[in-house]
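**Q** For reference, the structure I am asking about is given below.
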Amino acid sequence: MRLGAPIPLGPNRMRLFYQGGALIDELRGAKDPADGDYPEDWIGSVTAFGGDRPPTEGLSRVRVDGWEGFLRDLVRERADELVGRDLAHRYGATTGLLVKLLDTSVRLPVHCHPTRDFARRKLGSVFGKTEAWIVVATRRGGAEEPYARVGFQEAIPRERLLEWTARQDVGAIVAATHKFAVRAGDVVLIAAGLPHAIGPGVFMVEVQEPTNYSILLEHAGFPIASDAAHLGLGWEAAIDAVDRHGYAREELVSRFVRRVDLQREGESPLVGDEFAEFFRATRVHLGANGSRDIPAGYWVGVVLEGSGEIEYGAGRAAIRRGDTFCVPFALGSHRLRGGRDGIAVVRCLPPAR
Numbered sequence: 000m001r002l003g004a005p006i007p008l009g010p011n012r013m014r015l016f017y018q019g020g021a022l023i024d025e026l027r028g029a030k031d032p033a034d035g036d037y038p039e040d041w042i043g044s045v046t047a048f049g050g051d052r053p054p055t056e057g058l059s060r061v062r063v064d065g066w067e068g069f070l071r072d073l074v075r076e077r078a079d080e081l082v083g084r085d086l087a088h089r090y091g092a093t094t095g096l097l098v099k100l101l102d103t104s105v106r107l108p109v110h111c112h113p114t115r116d117f118a119r120r121k122l123g124s125v126f127g128k129t130e131a132w133i134v135v136a137t138r139r140g141g142a143e144e145p146y147a148r149v150g151f152q153e154a155i156p157r158e159r160l161l162e163w164t165a166r167q168d169v170g171a172i173v174a175a176t177h178k179f180a181v182r183a184g185d186v187v188l189i190a191a192g193l194p195h196a197i198g199p200g201v202f203m204v205e206v207q208e209p210t211n212y213s214i215l216l217e218h219a220g221f222p223i224a225s226d227a228a229h230l231g232l233g234w235e236a237a238i239d240a241v242d243r244h245g246y247a248r249e250e251l252v253s254r255f256v257r258r259v260d261l262q263r264e265g266e267s268p269l270v271g272d273e274f275a276e277f278f279r280a281t282r283v284h285l286g287a288n289g290s291r292d293i294p295a296g297y298w299v300g301v302v303l304e305g306s307g308e309i310e311y312g313a314g315r316a317a318i319r320r321g322d323t324f325c326v327p328f329a330l331g332s333h334r335l336r337g338g339r340d341g342i343a344v345v346r347c348l349p350p351a352r
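Counted the way numbering that gives the first Met the number 0 counts, the sequence shown spans residues 0 to 352.
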């Protein structure tokens with residue numbers, strides 16, 4: 000088996016506790032896009048969903064040079080070729096990355112994710128769940144603009160947050176967070192611990208650490224077991240994963256919100272050095288027959304617009320809107336080229352350090 004070509008990653012839809020998914024259907028070319036119980040598509044996943052689900056649910060399946068199986072097993076067998084020796088040495092047999100298509104038709108509950116330190120101490124994991132939202136499109140379901148809620152407006156004492164969570168005072172929890180309108184081209188960085196909630200009508204590429212750990216401060220009204228809301232740790236332990244600091248709105252925008260020019264051609268950073276220890280992401284936008292040289296390295300691609308191809312030493316791979324794929328380290332340096340109508344691709348990369 001040779002890892003000398005891009006690896007297609009087919010749809011890997013996940014059943015969740017919230018509704019959405021119509022814009023994923025549309026991107027993937029479905030005949031009748033519709034919202035439903037499968038609002039996420041896990042791309043390049045070496046992360047099982049966990050809980051009471053089947054042990055392989057969530058894992059991406061791949062076919063490579065006659066071999067068929069899970070991407071997780073491929074990286075276990077061929078880590079140096081798939082992700083490169085440096086990444087394999089630092090993190091072991093993992094891609095260090097999970098990419099999702101996520102589309103909401105309802106507001107998600109206020110929740111947060113553990114830091115690496117908390118995950119190591121309480122969950123036995125080297126990865127926490129820092130993430131970034133690359134907003135692809137929005138849609139209105141009513142009078143309200145699509146939005147996200149991020150961070151507390153004022154510092155919340157530990158006992159007060161425990162009380163709100165115990166009695167599920169949803170009004171207090173939601174009202175304590177900042178609310179921001181979002182639109183295509185926005186990038187929101189969600190540091191582990193930061194409380195947040197995605198509003199209805201937001202379609203994004205989410206880049207994150209490869210875990211499925213969520214601490215749901217708000218779970219009333221959702222089909223979520225109370226024990227699952229705190230990862231089975233109990234609230235006395237889980238509450239310490241929450242960033243209870245108060246943030247000024249301007250500070251949140253400065254630290255965690257970016258804007259990309261969707262008309263700019265070339266390669267634009269989406270998630271840069273500030274999150275490089277977790278992951279990185281860029282947007283490659285090329286006109287007709289435009290090209291961009293890409294250095295050797297593992298990455299996951301999502302084609303958002305147009306069509307084109309990946310040119311590499313042994314050949315060419317055609318790609319078009321709705322395609323998702325990964326590029327193995329062993330492929331070496333390569334080139335993205337736009338087709339007749341150009342192309343726009345989100346490149347998602349593993350930790351740089």
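Even glycine gets a Cβ: it sits at the ideal position worked out from N, Cα and C.
Tell me the DSSP secondary structure of VAL259 in three-state form.
**A** Three-state result, VAL259: coil.
**Q** Which term fits ASN211, buried or exposed, when burial requires 16 or more other beta carbons within 10 angstroms of its beta carbon?
**A** When all chains shown are included, ASN211 counts as buried.
**Q** As an exercise, report each continuous alpha helix (DSSP H) stretch of at least 4 residues that is fully enclosed by the segment 236–315, in chain order.
**A** Runs found: 248–255.
**Q** Terminal residues of the continuous beta strand (DSSP E) containing GLY341?
**A** Note, GLY341: beta strand (DSSP E), 333–348.
**Q** Whole angstroms are fine: how far does the CA of ALA275 sit from the CA of SER332?
**A** Distance between the alpha carbons of SER332 and ALA275 is about 21 Å.
**Q** For GLU25, which of helix, strand or coil comes out of DSSP?
**A** GLU25: helix per DSSP, three-state reduction.
**Q** Could you tell me how far apart the beta carbons of ILE223 and LEU161 are, in whole angstroms, since I believe they sit closer than 8 Å?
**A** No, ILE223 and LEU161 are not in contact; Cβ-Cβ is about 18 Å, not under 8 Å.
**Q** Have a look at the DSSP bridge pairing and note the partners of VAL357.
**A** One cannot answer for residue 357 here, as it falls past the ends of the chain, which runs 0 to 352.
**Q** Give the DSSP bridge partners of GLY19, in chain order.
**A** Looking at the DSSP assignment, GLY19 forms a beta bridge with GLY35.
**Q** Take every Cβ of the segment 22–33, pair it with every Cβ of the segment 53–68, and state whether three or more of those distances are shorter than 8 Å.
**A** No contact exists between the segment 22–33 and the segment 53–68.
**Q** Do three or more CB pairs link the segment 123–136 to the segment 270–284 at distances below 8 Å?
**A** Output reads yes: the segment 270–284 touches the segment 123–136.
**Q** So for ILE6, helix, strand or coil by DSSP?
**A** Strand.
**Q** If you draw a straight line from the C-alpha of GLN207 to the C-alpha of ALA287, how long is it?
**A** Whole-angstrom Cα-Cα distance: 31 Å.
**Q** Taking Cβ to Cβ, would you say VAL61 is nearer than 8 Å to LEU70?
**A** Cβ distance < 8 Å, so VAL61 and LEU70 count as in contact.
**Q** Using 8 Å as the threshold, is the segment 336–351 in touch with the segment 297–312, meaning 3 or more CB pairs across them?
**A** The segment 336–351 vs the segment 297–312: in contact.
**Q** At the level of alpha carbons, what is the spacing between ARG336 and ARG52?
**A** Those two C-alpha atoms are separated by around 40 Å.
**Q** Counting beta carbon pairs with one atom in the segment 137–147 and one in the segment 191–202, are three or more of them shorter than 8 Å?
**A** Yes, since at least three Cβ pairs between the segment 191–202 and the segment 137–147 fall closer than 8 Å, the two stretches touch.
**Q** Check each candidate in MET0, PRO5, ARG115, ASP34 and name the one with the smallest Cα separation from ARG12.
**A** Nearest of MET0, PRO5, ARG115, ASP34 to ARG12, Cα basis: ASP34.
**Q** Can you tell me where the beta strand (DSSP E) holding HIS112 begins and where it ends?
**A** Unbroken run through HIS112: none, as it is neither H nor E.
**Q** Specify whether the segment 109–123 and the segment 151–159 touch according to this definition: at least 3 beta carbon pairs, one from each stretch, less than 8 Å apart.
**A** Contact fails: fewer than three Cβ-Cβ distances are below 8 Å.
**Q** Throw me the rounded Cβ distance for the ARG75 and ALA92 pair, which I believe falls under 8 Å.
**A** That pair is a contact at about 4 Å.
**Q** Going by other Cβ atoms of all chains shown within 10 Å of its Cβ, with 16 needed for buried, is TRP66 buried or exposed?
**A** Exposed, by the Cβ-count rule.
**Q** Among the residues of its own chain, which have a CB less than 7 Å from the CB of LEU215, if the five just before and after it don't count?
**A** Here the set comprises PRO108, HIS110, ILE223, ALA228.
**Q** Looking only at its own chain, which residues have a Cβ that is under 6 Å from the Cβ of ARG315, when we skip the five neighbours before and after it?
**A** Within the same chain, ARG315 has close Cβ partners GLU308.
**Q** Taking 8 Å as the cut-off, decide whether the C-beta atoms of VAL344 and VAL301 are in contact.
**A** Yes, the Cβ-Cβ distance between VAL344 and VAL301 is below 8 Å.
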